[in-house]
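Protein sequence lines, in the order shown, are assigned to chains A and B. Heads up: the first sequence begins at 11 in the working numbering, then just goes up one per residue. Heads up: the second sequence begins at 11 in the working numbering, then just goes up one per residue. Only one structure is covered here, and it is reproduced in the block below.
Number of protein chains: 2
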Amino acid sequence: MNTDQNTDLSASLDAARRDYAALLERKLKLDLTRGKPSARQLDLSNEILALPGDRYKSADGTDCRNYGGPQGLPELREIFGELLDVPAGQLLALGNSSLTLMHDTVVHALLGVLPGARRRWADEERIAFLCPVPGYDRHFDICERFGIEMIPVPMTPDGPDMAEVERLVSADAGIKGIWCVPKYSNPDGTTYSDETTRRLAAMPAAAPDFRIFWDNAYAVHHLTDEEVQVADILAACAQAGNPDRVFVYGSTSKITLGGAGVAFFGSSEANVKWLLGHRGKQTIGPDKINQLAHVMFLRDADGVRAQMRGHRELIQPKFDAVRRIFAERLDGLATWSEPKGGYFITLTVPDGCAKEVVRKAAEAGIALTPAGSTHPYKDDPRDNVIRIAPTFPDVAELEQAIEGVATCVRLVGYEKLASA
Amino acid sequence: MNTDQNTDLSASLDAARRDYAALLERKLKLDLTRGKPSARQLDLSNEILALPGDRYKSADGTDCRNYGGPQGLPELREIFGELLDVPAGQLLALGNSSLTLMHDTVVHALLGVLPGARRRWADEERIAFLCPVPGYDRHFDICERFGIEMIPVPMTPDGPDMAEVERLVSADAGIKGIWCVPKYSNPDGTTYSDETTRRLAAMPAAAPDFRIFWDNAYAVHHLTDEEVQVADILAACAQAGNPDRVFVYGSTSKITLGGAGVAFFGSSEANVKWLLGHRGKQTIGPDKINQLAHVMFLRDADGVRAQMRGHRELIQPKFDAVRRIFAERLDGLATWSEPKGGYFITLTVPDGCAKEVVRKAAEAGIALTPAGSTHPYKDDPRDNVIRIAPTFPDVAELEQAIEGVATCVRLVGYEKLASA
Numbered sequence: 011m012n013t014d015q016n017t018d019l020s021a022s023l024d025a026a027r028r029d030y031a032a033l034l035e036r037k038l039k040l041d042l043t044r045g046k047p048s049a050r051q052l053d054l055s056n057e058i059l060a061l062p063g064d065r066y067k068s069a070d071g072t073d074c075r076n077y078g079g080p081q082g083l084p085e086l087r088e089i090f091g092e093l094l095d096v097p098a099g100q101l102l103a104l105g106n107s108s109l110t111l112m113h114d115t116v117v118h119a120l121l122g123v124l125p126g127a128r129r130r131w132a133d134e135e136r137i138a139f140l141c142p143v144p145g146y147d148r149h150f151d152i153c154e155r156f157g158i159e160m161i162p163v164p165m166t167p168d169g170p171d172m173a174e175v176e177r178l179v180s181a182d183a184g185i186k187g188i189w190c191v192p193k194y195s196n197p198d199g200t201t202y203s204d205e206t207t208r209r210l211a212a213m214p215a216a217a218p219d220f221r222i223f224w225d226n227a228y229a230v231h232h233l234t235d236e237e238v239q240v241a242d243i244l245a246a247c248a249q250a251g252n253p254d255r256v257f258v259y260g261s262t263s264k265i266t267l268g269g270a271g272v273a274f275f276g277s278s279e280a281n282v283k284w285l286l287g288h289r290g291k292q293t294i295g296p297d298k299i300n301q302l303a304h305v306m307f308l309r310d311a312d313g314v315r316a317q318m319r320g321h322r323e324l325i326q327p328k329f330d331a332v333r334r335i336f337a338e339r340l341d342g343l344a345t346w347s348e349p350k351g352g353y354f355i356t357l358t359v360p361d362g363c364a365k366e367v368v369r370k371a372a373e374a375g376i377a378l379t380p381a382g383s384t385h386p387y388k389d390d391p392r393d394n395v396i397r398i399a400p401t402f403p404d405v406a407e408l409e410q411a412i413e414g415v416a417t418c419v420r421l422v423g424y425e426k427l428a429s430a
Numbered sequence: 011m012n013t014d015q016n017t018d019l020s021a022s023l024d025a026a027r028r029d030y031a032a033l034l035e036r037k038l039k040l041d042l043t044r045g046k047p048s049a050r051q052l053d054l055s056n057e058i059l060a061l062p063g064d065r066y067k068s069a070d071g072t073d074c075r076n077y078g079g080p081q082g083l084p085e086l087r088e089i090f091g092e093l094l095d096v097p098a099g100q101l102l103a104l105g106n107s108s109l110t111l112m113h114d115t116v117v118h119a120l121l122g123v124l125p126g127a128r129r130r131w132a133d134e135e136r137i138a139f140l141c142p143v144p145g146y147d148r149h150f151d152i153c154e155r156f157g158i159e160m161i162p163v164p165m166t167p168d169g170p171d172m173a174e175v176e177r178l179v180s181a182d183a184g185i186k187g188i189w190c191v192p193k194y195s196n197p198d199g200t201t202y203s204d205e206t207t208r209r210l211a212a213m214p215a216a217a218p219d220f221r222i223f224w225d226n227a228y229a230v231h232h233l234t235d236e237e238v239q240v241a242d243i244l245a246a247c248a249q250a251g252n253p254d255r256v257f258v259y260g261s262t263s264k265i266t267l268g269g270a271g272v273a274f275f276g277s278s279e280a281n282v283k284w285l286l287g288h289r290g291k292q293t294i295g296p297d298k299i300n301q302l303a304h305v306m307f308l309r310d311a312d313g314v315r316a317q318m319r320g321h322r323e324l325i326q327p328k329f330d331a332v333r334r335i336f337a338e339r340l341d342g343l344a345t346w347s348e349p350k351g352g353y354f355i356t357l358t359v360p361d362g363c364a365k366e367v368v369r370k371a372a373e374a375g376i377a378l379t380p381a382g383s384t385h386p387y388k389d390d391p392r393d394n395v396i397r398i399a400p401t402f403p404d405v406a407e408l409e410q411a412i413e414g415v416a417t418c419v420r421l422v423g424y425e426k427l428a429s430a
């Protein structure tokens, strides 16, 4: 560094320290940890709270109040079959959480024999999953809980690094799965290219029971007019001669109500039959009343699309505010993703700074997702990824919080540069 | 047999054959297989279909529309804590199925280490459960699915044969659990005596992680003014120095809506913490909107009791009809339980006749629960137990079906006697 740069840095660091001291004095209490819809987003679905009202029969005359119907309501499966690219006959409409379905599919694979498998996963010497990073902490938590080894794979602008994925999956029969959020991924907003999807479907796998856990959580959660599409993975797998390779998951949690939506599982006929067989010992059927309420409220796939435009109207200004503040305050010091949909922005700070930024933000009353949680074992080797969840606070609070985060990044970043 | 008896039997058999031929000609199509509430029972809860209406906040201000709240709504836990004899702080209000909770507790014990356990059940050489017989087929299905050995224990009028239970549990560290339906048991309507409950809580167990699966499915499902009570198992376990021994399950499926109720799990603080830890990887929380609707509809424990009187009014005449027809037609040939609550009547036919009665009834268009399903591995060694589920059909259909069943019992029973 030359003297001019040193003087600049010293001035920037002094300013950052003053800003941080002022931030501490404001005694904020703001939470950007989780991708939760805001109250105003939930208001979009208030009609559902009084549904199904005086109706309780489904289109085929089933009394939805009683037990039964393990596949879920056909008319709801029709709506989301179209949106998730799964034939309605191969899509199950189930409980209130797709996380539960992912967890439980892993459980059933551990304790039962998957189509194509030689034995239960619990009886394998070693099981590993590929984890594209940065990724979703709750996926990684499922692996950790069941002792499934996690192998990180870097994300590219087209999805996971497919050369690496192919190399690993073709050579290692212990690799049984890969976690994928194919559209507007959590946390960096990446959408898989058609080529990535095709290669995932077609690549040779050493394990005959290798599965893609395709968490299509943000299938209709657009933030731009582009409405990005992802290739049909189920069809691609079938075409490539690997019809049982993919489990597709979806949910209305961020379409209707966060805690009271409907989750979906789609796959090949063999996989669906396998899951229904195991679920037959676990439940007599999902809550069909809530499913009927969803059908009456959403009506059809276009109804879902209209509902999502309502969400976009509320959350796009929040994403814009984050980007604007970051551009004003962090240009040259950090980078951030510019997602076209989904719920998150990834902020990439200078190496070795993420934990300290999160710690300093917490001291200033701004709760962020813990640094590292975007990586397996909470271990971000470069310590530079921070997940920003802008949806829950209102715009004014969000701006306060993001200004605060920017202050922390500047302080920690300049301190790092100064000590270099 | 003397000649008179032979003549009587021959005449009875002829009459039974004529009756059965007439029954076949009626081409019935009636279903007594499962313990489902009838449409009129479900009508009692129609108000819930429009709830929570314009409300979405719980008593403590939580927005029930959003994610979170892993324990369920405190006000609903208060109501059912009183009814299930579990302190509300140790009771979880969760999804729509207590079967799911039982299945999942077994899964979490297989794949995680229970309080007091030396290792995961999946890592034990052998796991066995005691199964009081006759019992509930879906309990047995869970054991069968996970390769858990089932050891039948006979029921007495006071619950399981406790001398046998104590002998087995104290000697065999492989025995990890016992299935109990303590009140109005499925299928014979037995209620455990206080002494049985006390002995279950206090008996020595060879396995440090032995658990009582206390499926209190019919806690408030009375058919008489007596409103039978069961001793507080959780308190009994604590008093006996075995605080972690029992898992309590309950559900509103037969209080409000069969498919869209709320299920409960209650236990010691250590067990609840253990379950919540594992559930934390499985779900972000139960459907609090449905729980709020239940609170608004049921109001309090007295509201539940009033609701159950409505159910009793509808189903008691059905139980009365079954008993009346059996008494008229089967006196001396079969016996049947006279439950003071619950959903089932056990019909005990002559040894070796149950399967044939069910088969003949099916031929006549009357579907009964398969013979044997009241026993582990579907194996009723005396082949004499038939479970009758009277609640679903209306009284006229039920009477037709029960008359038909009686005809089948007479035919099969007299044929057996004649061939003896």
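C-beta atoms are modelled at their ideal positions from N, C-alpha and C, and glycine is treated no differently.
Original post:
Going by Cα to Cα distance, which pick from Asp404(B), Glu407(B), Ala364(B), Gln410(B) is closest to Asp390(B)?
Top reply: Counted from its first residue, the second sequence places residue 390(B) at position 380. Selected option, being the one with the closest Cα: Ala364(B).
**OP:** Check the Cβ-Cβ distances between Gln81(A) and every residue of chain B, and say whether any is below 8 Å.
**Re:** Counted from its first residue, the first sequence places residue 81(A) at position 71. By this cut-off, Gln81(A) is not an interface position.
Subject >> Residues of its chain near Val349(B), where Cβ-Cβ distance is below 6 Å and the 5 sequence neighbours each way are ignored >> reply: Numbered from its first residue, the second sequence carries residue 349(B) at position 339. In the sequence as presented, Val is not what sits at residue 349(B); that position holds Pro. Only Tyr194, Gly199 meet the Cβ criterion.
Original post:
What distance in whole Å lies between the Cβ atoms of Asn106(B) and Ala270(B), which are believed to be in contact at a cut-off of 8 Å?
Top reply: Translated into positions along the second sequence, residue 270(B) becomes position 260. Translated into positions along the second sequence, residue 106(B) becomes position 96. Contact holds; Cβ gap of about 6 Å.
Original post:
Where does Glu357(B) fall in DSSP's three states?
Top reply: Mapped onto the second sequence, residue 357(B) falls at position 347. For clarity, residue 357(B) is Leu in the given sequence; the question names Glu instead. Leu357(B) falls in the strand class under three-state DSSP.
Subject >> Neighbourhood of Ile243(A) by C-beta distance below 8 Å, restricted to the same chain and skipping five residues each side >> reply: Mapped onto the first sequence, residue 243(A) falls at position 233. For Ile243(A), where only same-chain residues beyond five positions count, the Cβ hits under 8 Å are Asp95, Pro192, Thr207, Leu210, Ala211, Ile222, Trp224, Val256, Val258.
Subject >> Within-8 Å CB hit, Gly268(B) to chain A >> reply: Indexing the second sequence from 1 puts residue 268(B) at position 258. By this cut-off, Gly268(B) is an interface position.
Subject >> Per-residue contacts from Pro62(A) into chain B (C-beta, under 7 Å) >> reply: Position 52 of the first sequence, counted from the start, is the residue given in the question as residue 62(A). In chain order: Leu59.
**OP:** Could you say which of Arg397(B), Ser429(B), Pro400(B), Glu366(B) lies nearest to Cys418(B) if we only look at CA atoms?
**Re:** Counted from its first residue, the second sequence places residue 418(B) at position 408. Nearest of Arg397(B), Ser429(B), Pro400(B), Glu366(B) to Cys418(B), Cα basis: Glu366(B).
Subject >> Sequence-distant residues of the same chain with beta carbon closer than 7 Å to Ile396(B), five excluded per side >> reply: Against the second sequence, residue 396(B) aligns to sequence position 386. Cβ within range, chain order: Leu357, Val359, Ala364, Val367, Val368, Leu378, Ala381.
Original post:
Do you know offhand how far Ala138(A)'s Cα is from Gly290(B)'s?
Top reply: Within the first sequence, residue 138(A) is the residue found at index 128, counting from 1. Within the second sequence, residue 290(B) is the residue found at index 280, counting from 1. Ala138(A) and Gly290(B): Cα-Cα distance of roughly 22 Å.
Original post:
When burial is assigned at 16 or more other CB atoms within 10 Å of the CB, is Lys264(A) buried or exposed?
Top reply: For the purposes of this step, residue 264(A) is identified with residue 254 of the first sequence, where counting begins at 1. Buried, since its Cβ has 16 or more Cβ neighbours within 10 Å.
**OP:** Output, in sequence order along the chain, the residues in the stretch 328-344 of chain B whose CB is closer than 7 Å to any CB in chain A.
**Re:** none
**OP:** Would you identify the three-state DSSP class for His113(B), choosing helix, strand or coil?
**Re:** The residue given as residue 113(B) occupies position 103 in the second sequence. Correct three-state label for His113(B): helix.
**OP:** Quick one: which residues of the stretch 120-148 of chain A get their C-beta closer than 9 Å to a C-beta of chain B? List them in chain order.
**Re:** Leu120, Leu121, Gly122, Ala132, Arg148
Original post:
Whose Cβ in chain A lies nearer than 7 Å to the Cβ of Asn76(B)?
Top reply: Here residue 76(B) refers to the residue found at position 66 of the second sequence. Those within 7 Å of Asn76(B) in chain A are Lys46, Pro47, Leu52, Gly268, Gly269.
Original post:
Is Ala273(A) helix, strand or coil when you go by DSSP?
Top reply: Numbered from 1 along the first sequence, position 263 holds the residue referred to as residue 273(A). Three-state result, Ala273(A): strand.
**OP:** At 7 Å on the CB atoms, spell out the chain B contacts of His231(A), in chain order.
**Re:** Counted from its first residue, the first sequence places residue 231(A) at position 221. Residues of chain B passing the Cβ test: none, with the nearest at roughly 15 Å.
Original post:
List, in order along the chain, the chain B residues whose C-beta lies closer than 7 Å to that of Thr293(A)?
Top reply: In the first sequence, residue 293(A) corresponds to position 283, counting from 1. Ser107, Leu109, Thr110, listed in chain order.
**OP:** Starting from Trp131(A), follow the beta strand (DSSP E) in both directions and report where the run begins and ends.
**Re:** Taking the first residue of the first sequence as 1, we reach residue 131(A) at position 121. Per DSSP, Trp131(A) belongs to no beta strand (DSSP E) and is neither H nor E.
Original post:
To which residues of the same chain is Gly122(B) closer than 7 Å at the C-beta, ignoring the five residues directly before and after it?
Top reply: Your numbering for residue 122(B) matches position 112 in the second sequence. So the qualifying residues of the chain are Arg130, His288.
Original post:
Between the C-alpha atoms of Phe275(B) and Gly82(B), what's the straight-line distance to the nearest angstrom?
Top reply: Indexing the second sequence from 1 puts residue 275(B) at position 265. Indexing the second sequence from 1 puts residue 82(B) at position 72. Whole-angstrom Cα-Cα distance: 11 Å.
Subject >> Pairwise C-alpha distance: Gly187(A) and Phe220(A) >> reply: Here residue 220(A) refers to the residue found at position 210 when the first sequence is read from its first residue. Here residue 187(A) refers to the residue found at position 177 when the first sequence is read from its first residue. Rounded to the nearest angstrom, the two C-alpha atoms are 5 Å apart.
Original post:
How close, in whole Å, do the beta carbons of Val305(A) and Gln100(A) come, if the pair is a contact with beta carbons under 8 Å?
Top reply: Working through the first sequence from its first residue, we reach residue 305(A) at position 295. Working through the first sequence from its first residue, we reach residue 100(A) at position 90. About 19 Å separates the two Cβ atoms, so there is no contact after all.
Original post:
Taking the C-alpha atoms as reference points, what is the distance between Asp310(B) and Pro386(A)?
Top reply: Stepping through the second sequence from its first residue, residue 310(B) is reached at position 300. Stepping through the first sequence from its first residue, residue 386(A) is reached at position 376. Going from the Cα of Asp310(B) to the Cα of Pro386(A) covers about 46 Å.
Subject >> Beta-carbon gap between Met172(B) and Val143(B) smaller than 8 Å >> reply: Here the question's residue 172(B) lines up with position 162 in the second sequence. Here the question's residue 143(B) lines up with position 133 in the second sequence. Against a cut-off of 8 Å, the Cβ pair of Val143(B) and Met172(B) comes out as no contact.
Original post:
Are the C-beta atoms of Arg87(A) and some chain B residue less than 8 Å apart?
Top reply: Taking the first residue of the first sequence as position 1, residue 87(A) is located at position 77. For Arg87(A), the answer is no, since every Cβ of chain B falls outside 8 Å of its Cβ.
Original post:
Beta carbon of Arg87(A), beta carbon of His232(A): below 8 Å?
Top reply: Within the first sequence, the letter at position 77 stands for residue 87(A). Within the first sequence, the letter at position 222 stands for residue 232(A). The answer is no: Cβ separation not under 8 Å.
Original post:
In three-state DSSP terms, what is Gly423(A)?
Top reply: By one-based count along the first sequence, residue 423(A) stands at place 413. Looking at Gly423(A) - three-state DSSP - the assignment turns out to be helix.
Original post:
What do you get for Gly351(A), buried or exposed, if any count of 16 or more other CB atoms within 10 angstroms of its CB means buried?
Top reply: The count along the first sequence starts at 1 and reaches residue 351(A) at position 341. So Gly351(A) ends up on the buried side.
Subject >> Within chain B, the residues that Asp73(A) reaches when beta carbons sit closer than 8 Å >> reply: Residue 73(A) sits at position 63 when you count from the first residue of the first sequence. Simply Ala49, Leu52.
Original post:
CB-CB under 6 Å to Leu343(B), same chain, minus the five flanking residues each way: which ones, in chain order?
Top reply: On the second sequence, residue 343(B) is found 333 positions in, with the first residue counted as 1. Taken in chain order, the residues that qualify are Gly423.
**OP:** Using a cut-off of 7 Å between C-beta atoms, extract the partners of His113(A) located in chain B.
**Re:** By 1-based counting over the first sequence, the position of residue 113(A) is 103. The contacting residues are Lys291, Gln292.
Original post:
Which chain A residues sit within Cβ distance under 9 Å of Asn431(B)?
Top reply: This structure cannot settle anything about residue 431(B), because the visible part of chain B is limited to 11 through 430.
**OP:** Assign Ser20(A) to one of two classes, buried (16 or more other C-beta atoms within 10 Å of its C-beta) or exposed (fewer than that).
**Re:** As a position in the first sequence, residue 20(A) is number 10, starting the count at 1. Label assigned to Ser20(A): exposed.
Original post:
What residue does the beta strand (DSSP E) around Cys141(A) start on, and which one ends it?
Top reply: Taking the first sequence and counting its residues from 1, one reaches residue 141(A) at position 131. 138-143 is the span of the beta strand (DSSP E), which, as asked, contains Cys141(A).
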